[in-house]
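The block underneath contains the structure these notes are about, expressed in structure tokens.
What follows is the structure, given as structure tokens:
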């Protein structure tokens, strides 16, 4: 029973941790924690996965979605509790802040498209690896990428080239 060795763990962390954090950030406010948990789950595997990168993306995705559900439940309970207590602070005027156009445009896309775009563009995953990570075929991942890229460019006002990359 082989486990993940320190060399492989170091390489995976160095090459993929930042992209995994970005990937998890789509769904939750604690992406670093989710990624750390994914690497811990990888270390304790009795038999490491054949393809650890898409495996990590799947574990991060599942962990981020679970963290998102927990955050929503917590906010719901906090909101209910706050409604029963007097207001202590006045909210600051946030109208002067504007988020980066790319982040806003990514968040406006359907989750299936934004996760594929992040995995492909920032994570460098192939369509086969994306399909393995999100539970679909490579062809479906490619179609989601093309549709997402087109929608993202439209939202950002950028003209589209003839075809996206197909690697």
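Residue numbers (this note's numbering): 3 to 169. Beta carbons are placed, not taken as given, at the ideal position from N, Cα and C, and that holds for glycine.
Item, Value
"For residue 33, which residues of its own chain have a beta-carbon under 7 Å away from its beta-carbon, when the five flanking residues on both sides are left out?", "23, 26, 27, 66"
"Is there contact here, the segment 110-120 with the segment 71-83, by at least three beta-carbon pairs under 8 Å?", "no"
"Nearest-angstrom Cα distance between residue 146 and residue 55?", "20 Å"
"Tell me the rounded alpha-carbon separation between residue 64 and residue 70.", "10 Å"
"Using a Cβ-Cβ cut-off of 6 Å (strictly less than) and excluding sequence neighbours within five positions of residue 137, which residues of its own chain qualify?", "none"
"Hey, does residue 121 have any beta-carbon neighbour from chain B nearer than 8 Å?", "In the displayed structure, chain B is absent; only one protein chain is listed."
"Just confirm the distance between the C-beta atoms of residue 143 and residue 133, as a whole number of angstroms; I'd bet it's less than 8 Å.", "4 Å"
"Here's a check: name, in chain order, each residue in its chain whose Cβ is nearer than 6 Å to the Cβ of residue 6, leaving out the five neighbours to either side.", "44, 45, 50"
"Just tell me which of 107, 15, 72 has its CA closest to the CA of residue 42.", "15"
"Going straight from the alpha carbon of residue 8 to that of residue 112, what length do you get?", "37 Å"
"Could you check the C-alpha separation between residue 40 and residue 76 for me, to the nearest Å?", "22 Å"
"Tell me where the alpha helix (DSSP H) around residue 33 begins and ends.", "33-45"
"What residue from 72, 159, 31 has the CA that sits closest to residue 107's CA?", "159"
"Can the beta-carbon of residue 127 be found less than 8 Å from the beta-carbon of residue 140?", "no"
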